[in-house]
Amino acid sequence: MLTGRQIGFVGGGNMAEALMAGLLRNGLTTPDRLAVSDPLASRREFLSRTFGVAVTADNQAAVRGADIVVLCVEPQVLDEVLRELAPALASHPLIISVAAGYPLSRMRHHLLTATRLIRAMPNTPSTIGEGVTAMSLALDMSSEDRETARQLFESVGIAVVVEERLLDAVTGLSGSGPAYVFAMIEALADGGVLAGLPRSTAQLLAAHTVAGAAGMVLEQGEHPAVLKDRVASPGGTTISGLNQLERGKLRATLMSAVEAATQRSQELGKTEHHHL
Ligand SMILES: NC(=O)c1ccc[n+]([C@@H]2O[C@H](COP(=O)([O-])OP(=O)(O)OC[C@H]3O[C@@H](n4cnc5c(N)ncnc54)[C@H](OP(=O)(O)O)[C@@H]3O)[C@@H](O)[C@H]2O)c1
Numbered sequence: 017m018l019t020g021r022q023i024g025f026v027g028g029g030n031m032a033e034a035l036m037a038g039l040l041r042n043g044l045t046t047p048d049r050l051a052v053s054d055p056l057a058s059r060r061e062f063l064s065r066t067f068g069v070a071v072t073a074d075n076q077a078a079v080r081g082a083d084i085v086v087l088c089v090e091p092q093v094l095d096e097v098l099r100e101l102a103p104a105l106a107s108h109p110l111i112i113s114v115a116a117g118y119p120l121s122r123m124r125h126h127l128l129t130a131t132r133l134i135r136a137m138p139n140t141p142s143t144i145g146e147g148v149t150a151m152s153l154a155l156d157m158s159s160e161d162r163e164t165a166r167q168l169f170e171s172v173g174i175a176v177v178v179e180e181r182l183l184d185a186v187t188g189l190s191g192s193g194p195a196y197v198f199a200m201i202e203a204l205a206d207g208g209v210l211a212g213l214p215r216s217t218a219q220l221l222a223a224h225t226v227a228g229a230a231g232m233v234l235e236q237g238e239h240p241a242v243l244k245d246r247v248a249s250p251g252g253t254t255i256s257g258l259n260q261l262e263r264g265k266l267r268a269t270l271m272s273a274v275e276a277a278t279q280r281s282q283e284l285g286k287t288e289h290h291h292l
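Encoded structure:
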């Protein structure tokens, strides 16, 4: 569990900020248990001022003696960062990486003695506490480590555990998904403007309609098609709109979008990591 544990963040960007905010907001830890390293002085000052956590430019200092290490750097620099960190991980911490597309096997390659490794794929709404994170664990890890990571990511939304091979599909759905929904909200708002609504009203209605509909699916636990059927009265307005969505192949298009993003994630994984 997280309480009382020393947590070292490497890379103090958006994701580290979101996770630290979630942990502190939920009372899961206190600032004196958190350390973060970042190369940028202005970033360190911001994180120190905002959260009261220890900040350093030295990655090794951020993780030395830590119970949990959270790697929040871009995947392109993670090889170098892991090489640098390896000698400072003598305390055998639980190591959690959020670097997109960076496999567990590659982490293991750099950290030969480390066994407690988790690869996680959060999404952008984590920055407002509404994220979804899929996590994959190295083999033979304790359920306590899994629950510790779950606590971390549930402080910024919900968390699920999947096999590592499914993380490409997670990327295609929840990783890229916010962008699909942004495009849908924009289009719904455009439709409202087309029908005569002021832009700001249209955008507000569109975004809350998406959030409200999602909330009903989550709260009522019904199949979305059942909820859709309930609001489509015979010969009414909604079925006319749905008819247009079917003509435009909305559902097939969204399925293909997830499929295409999943395939792209697989391709990127192959080209970037083929030399290991
Ligand atoms: N944001 C998301 O929604 C999201 C979702 C899924 C996965 N991720 C993953 O999360 C990781 C971080 O993403 P982010 O959005 O937080 O990006 P970010 O805001 O750019 O954060 C990365 C941070 O790491 C710092 N950094 C760069 N090189 C470093 C080094 N050698 N040692 C220590 N720190 C270093 C960067 O500093 P400088 O700015 O000075 O370079 C920056 O502050 C990425 O691997 C990304 O794939 C993010």
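Taken in order, the sequence shown gives residues 17 to 292; the numbers are from the working numbering.
Glycine is no exception: its CB is placed at the ideal position from the N, C-alpha and C atoms.
Going by the beta-carbon positions, is the gap between Arg132 and Asp95 smaller than 8 Å?
One-based indexing of the sequence shown puts residue 132 at position 116. One-based indexing of the sequence shown puts residue 95 at position 79. No. Outside cutoff.
My output table needs one value for Leu133: the three-state DSSP class, helix, strand or coil.
For the purposes of this step, residue 133 is identified with residue 117 of the sequence shown, where counting begins at 1. Strand.
Distance, Cα to Cα, Gly251 vs Gly264?
Looking up residue 251 in the sequence shown gives position 235. Looking up residue 264 in the sequence shown gives position 248. Near 20 Å, if we compare the C-alpha coordinates of Gly264 and Gly251.
Excluding five sequence neighbours on each side, which residues of the same chain lie with their C-beta closer than 6 Å to the C-beta of Arg21?
As a working mapping, residue 21 is identified with position 5 in the sequence shown. These residues qualify, in order along the chain: Asp83, Ile84.
Tell me the rounded alpha-carbon separation between Thr149 and Thr278.
As a first step, residue 149 is located in the sequence shown; it is residue number 133 there, counting from the start. As a first step, residue 278 is located in the sequence shown; it is residue number 262 there, counting from the start. About 16 Å.
Give the straight-line distance between the Cα atoms of Asn42 and Asn259, rounded to the nearest whole angstrom.
In the sequence shown, residue 42 corresponds to position 26, counting from 1. In the sequence shown, residue 259 corresponds to position 243, counting from 1. C-alpha separation (whole angstroms): 44 Å.
By a C-beta neighbour count over all protein chains shown, 10 Å radius and 16 as the cutoff for buried, is Asn75 buried or exposed?
Residue numbering aside, residue 75 sits at position 59 when the sequence shown is read from its first letter. Flag for Asn75 reads buried.
For the pair the region 191 to 198 and the region 56 to 76, tell me if three or more CB-CB distances fall below 8 Å.
no
Inter-residue spacing [alpha-carbon to alpha-carbon] between Val71 and Thr269:
Counted from its first residue, the sequence shown places residue 71 at position 55. Counted from its first residue, the sequence shown places residue 269 at position 253. Cα-Cα distance, rounded: 45 Å.
May I ask you to verify whether the region 128 to 148 touches the region 168 to 176, counting CB pairs closer than 8 Å and requiring at least 3?
yes
For Leu284, the nearest candidate out of Ser53, Ala116, Gly38 (CA to CA)
By 1-based counting over the sequence shown, the position of residue 284 is 268. The shortest Cα separation from Leu284 among Ser53, Ala116, Gly38 belongs to Ala116.
Taking only the alpha-carbon atoms, compute the straight-line gap between Thr129 and Arg267 and give it to the nearest angstrom.
Translated into positions along the sequence shown, residue 129 becomes position 113. Translated into positions along the sequence shown, residue 267 becomes position 251. If I take the Cα positions, the gap works out to 47 Å.
With a threshold of 16 other CB atoms inside 10 Å of the CB of Asp184, please say whether the residue is buried or exposed.
As a position in the sequence shown, residue 184 is number 168, starting the count at 1. Label assigned to Asp184: buried.
Could you round the C-beta distance between Val79 and Val26 to whole angstroms and report it? I think they count as a contact, below 8 Å.
As a first step, residue 79 is located in the sequence shown; it is residue number 63 there, counting from the start. As a first step, residue 26 is located in the sequence shown; it is residue number 10 there, counting from the start. Val79 to Val26, Cβ: 6 Å. Contact.
Shortest alpha-carbon distance to Met151 belongs to which of Ile111, His126, His125, Glu61?
On the sequence shown, residue 151 is found 135 positions in, with the first residue counted as 1. The candidate whose alpha carbon is nearest that of Met151 is Ile111.
Of the choices Val89, Gly212, Glu163, Thr140, whose alpha-carbon is the least far from that of Thr187?
Within the sequence shown, residue 187 is the residue found at index 171, counting from 1. For Thr187, the nearest C-alpha among the options comes from Thr140.
Ordered along the chain, which non-local residues of its own chain (more than five positions away) have a Cβ less than 6 Å from that of Arg60?
For the purposes of this step, residue 60 is taken as residue 44 along the sequence shown, with counting starting at 1. So the qualifying residues of the chain are Asp54, Val71.
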